[in-house]
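Protein chains: 2
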Amino acid sequence: MAQSGENNQIERIAQATAHALGRRGYYGTTLQQIADAVGLTKPGLLHYVGNKQGLMQLTLEWYDSSVKVSIVLAQYRTREQDPHAIYSMPSALRGIVQFNALRPDHVRMFSILNAEAISAESPFHEYFQNRDRTLVRDFLNYRWKAPEGTDLAAVLSTAFNAMDGVQIRWLHDPRHTDLNALWRQTERTIFPLPQWEPYM
Amino acid sequence: MAQSGENNQIERIAQATAHALGRRGYYGTTLQQIADAVGLTKPGLLHYVGNKQGLMQLTLEWYDSSVKVSIVLAQYRTREQDPHAIYSMPSALRGIVQFNALRPDHVRMFSILNAEAISAESPFHEYFQNRDRTLVRDFLNYRWKAPEGTDLAAVLSTAFNAMDGVQIRWLHDPRHTDLNALWRQTERTIFPLPQWEPYM
DNA sequence: GTCTATACAAAGATAGAC
DNA sequence: GTCTATCTTTGTATAGAC
Chain A
1 MAQSGENNQI
11 ERIAQATAHA
21 LGRRGYYGTT
31 LQQIADAVGL
41 TKPGLLHYVG
51 NKQGLMQLTL
61 EWYDSSVKVS
71 IVLAQYRTRE
81 QDPHAIYSMP
91 SALRGIVQFN
101 ALRPDHVRMF
111 SILNAEAISA
121 ESPFHEYFQN
131 RDRTLVRDFL
141 NYRWKAPEGT
151 DLAAVLSTAF
161 NAMDGVQIRW
171 LHDPRHTDLN
181 ALWRQTERTI
191 FPLPQWEPYM
Chain B
1001 MAQSGENNQI
1011 ERIAQATAHA
1021 LGRRGYYGTT
1031 LQQIADAVGL
1041 TKPGLLHYVG
1051 NKQGLMQLTL
1061 EWYDSSVKVS
1071 IVLAQYRTRE
1081 QDPHAIYSMP
1091 SALRGIVQFN
1101 ALRPDHVRMF
1111 SILNAEAISA
1121 ESPFHEYFQN
1131 RDRTLVRDFL
1141 NYRWKAPEGT
1151 DLAAVLSTAF
1161 NAMDGVQIRW
1171 LHDPRHTDLN
1181 ALWRQTERTI
1191 FPLPQWEPYM
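Chains A and B are the protein sequences, given in the same order. Our numbering numbers the first residue of the first sequence as 1 and each following residue consecutively. Our numbering numbers the first residue of the second sequence as 1001 and each following residue consecutively.
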């Protein structure tokens, strides 16, 4: 994909906004901060985004496209690209965590917006409600290998909930914490051995 | 404990602040909102709290004291008050969840501040860092019954992480979601039967 | 496409009267 | 203990020049 000069500018804006949102959330993020970060004045920035709402939408769209890359990557890590392939759930989740460990800025933004979205006033309220409804469902569309009698929906749901919690703990003190190590500990509880041994 | 008129006023302030924090977080919460909620002007409110930082401290202390009530209650629900008693971990966690289901305002506040505390600029950064360091440790001081070979720290840690995630999902759509039901699903994954059957 | 200038509201906070 | 009045800074946003 060739990138025009304007798209590049928009990507810089989105990136700066994601960073700011991860530090102070929606209400603590100001147009001035973003304008400074990308070397524009406030009206200069508003030329691109219209208003604060537009800035959020732009950033969310950009984030969504980057998330898709993450999912592709996670699949790649399972080394199976065939749509009829049978996947290892622990391995896929490990792939997501590994990817997230490399982009703390995204995870920071996601964690804060996810919490702010509790309130119906949040511009992200519907976005995260929708995510809650679809995340587990989407993953259930793949064919997973698992021990007999496993409640796949329950396991996936618990895993994603625990992942959100683990990521926040990691980011509270990223210098003394290793996301991948934290997840390995979580994994041992959610996918206990020896039952999951053949499916890791 | 007898309550003077001033303490009562302070409690009203703390309660209004907790509610506001749960809606818009630290940066979205203003002195004006709190002043309106308790029927004061901004300077009237500042007479009690000094500045915004003081308002936060006041609220956090009030919240902490209410959390202690929660722990007492959770123990009570296990029907064992003897310090040498042996506790059921699923049952204790269920008690906490049951209690939280009755105070969505507190959980909302906690969830948002916990996420905002990712940033070192947050007035709550150290508070939540400290909580992360001590929460599991404190619970390990009790005597828990569990299957042979269980990694109690890993299980507790995963349970609390999942609980944070579950609570946010619940609050995203509390009308169509039941926290206790969500937790029962999580519980079945973290404490799988039949191994945990005798310890529920 | 980006700026200066500007409008207007609201933020946190203080002085000082009652 | 609570108010009015006020200060200063910062927020989102627009008009209009270049």
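Glycine included, every Cβ here is placed at the ideal spot set by N, Cα and C. Source: prediction; values computed, not measured.
Closest residue to residue i among the options (Cα-Cα distance)
| i | options | result |
| --- | --- | --- |
| proline 194/A | His1176/B, Arg1175/B, Gly1149/B and Ala1154/B | Gly1149/B |
| valine 1038/B | Gly1028/B, Ile1112/B and Glu1011/B | Glu1011/B |
| glutamate 121/A | Thr1029/B, Ile1118/B, Thr1017/B and Gln1057/B | Thr1029/B |
| alanine 154/A | Val166/A, Leu140/A and His172/A | Leu140/A |
| tyrosine 1026/B | Ala1115/B, His1084/B and Asn1008/B | Ala1115/B |
| histidine 1172/B | Asp173/A, Met200/A and Phe124/A | Phe124/A |
| glutamate 61/A | Trp196/A, Lys145/A, Asp164/A and Phe110/A | Phe110/A |
| alanine 1018/B | Gln1009/B, Tyr1063/B and Ala1035/B | Tyr1063/B |
| asparagine 1100/B | Phe1191/B, Gln1167/B and Leu1046/B | Gln1167/B |
| aspartate 1164/B | Ile1112/B, Gly1054/B, Pro1198/B and Glu1126/B | Ile1112/B |
| serine 1070/B | Leu1093/B, Leu1040/B and Met1200/B | Leu1093/B |
Residue i beta carbon near the ligand PLP (any heavy atom closer than 6 Å)
| i | result |
| --- | --- |
| leucine 179/A | For the ligand PLP, the structure offers nothing, since it holds no ligand at all. |
Rounded separation between residue i and residue j - CA only
| i | j | result |
| --- | --- | --- |
| tyrosine 1048/B | glutamine 1015/B | 14 Å |
| proline 147/A | aspartate 1105/B | 39 Å |
| glutamine 20/A | glutamine 33/A | First, the amino acid is wrong: residue 20/A is alanine here, not glutamine. Going by the C-alpha atoms only, they are around 8 Å apart. |
| arginine 1108/B | arginine 1023/B | 7 Å |
| methionine 1/A | proline 1043/B | Caution is warranted here: a pLDDT of 41 is assigned to methionine 1/A, below 50, making its placement in the model unreliable, and the coordinate value is therefore given only provisionally. Cα-Cα distance, rounded: 57 Å. |
| tryptophan 170/A | valine 1097/B | 23 Å |
| serine 65/A | threonine 59/A | 10 Å |
| lysine 1068/B | arginine 143/A | 45 Å |
| aspartate 958/B | leucine 1152/B | Since the first residue of chain B shown is 1001 and the last is 1200, residue 958/B is not available in this structure. |
| leucine 1031/B | methionine 1056/B | 11 Å |
| histidine 176/A | alanine 1181/B | 35 Å |
| glutamine 1009/B | lysine 1145/B | 44 Å |
| leucine 1045/B | asparagine 1007/B | 14 Å |
| glutamate 1197/B | phenylalanine 1191/B | 9 Å |
| glutamine 1003/B | lysine 1052/B | Low per-residue confidence applies at glutamine 1003/B: pLDDT is 46, beneath 50, and the placement is therefore not dependable enough to give any value. |
| alanine 1035/B | glycine 1054/B | 14 Å |
| phenylalanine 128/A | proline 1174/B | 13 Å |
| aspartate 82/A | arginine 103/A | 27 Å |
| glycine 1095/B | alanine 85/A | 42 Å |
| glycine 1050/B | isoleucine 1118/B | 26 Å |
| tyrosine 1199/B | leucine 156/A | 24 Å |
| isoleucine 1013/B | threonine 1041/B | 12 Å |
Which of helix, strand or coil DSSP assigns to residue i
| i | result |
| --- | --- |
| serine 70/A | helix |
| isoleucine 1190/B | helix |
| arginine 1103/B | coil |
| leucine 179/A | helix |
| isoleucine 168/A | helix |
| valine 1096/B | The sequence given here has isoleucine at residue 1096/B, not valine. Reduced to three states, the DSSP call for isoleucine 1096/B is helix. |
| isoleucine 1086/B | strand |
| glutamine 185/A | helix |
| proline 1144/B | It should be pointed out that residue 1144/B corresponds to tryptophan in this sequence rather than to proline. Strand, per DSSP. |
| aspartate 151/A | coil |
| tryptophan 1062/B | helix |
| glutamate 1121/B | coil |
| proline 1174/B | coil |
| leucine 40/A | coil |
| methionine 163/A | helix |
| methionine 109/A | helix |
| methionine 1056/B | helix |
| threonine 29/A | coil |
| asparagine 130/A | helix |
| glutamine 204/A | For residue 204/A there is no data in the structure shown, the boundaries of chain A being 1 and 200. |
| asparagine 51/A | coil |
Exercise. Decide if the region 157 to 177 of chain A is in contact with the region 58 to 74 of chain A; the criterion is three or more beta carbon pairs, one per stretch, under 8 Å apart.
Key: Touching, no, given that fewer than three Cβ pairs across the two stretches are closer than 8 Å.
Quiz item: Does the region 133 to 144 of chain A touch the region 1180 to 1196 of chain B, meaning 3 or more C-beta pairs lie closer than 8 Å?
Solution: Too few Cβ pairs lie closer than 8 Å, so no.
Exercise. Count the CB pairs spanning the region 1083 to 1095 of chain B and the region 1117 to 1132 of chain B that are closer than 8 Å, and state whether there are at least three.
Key: With contact defined as three or more Cβ pairs closer than 8 Å, the region 1083 to 1095 of chain B and the region 1117 to 1132 of chain B are not in contact.
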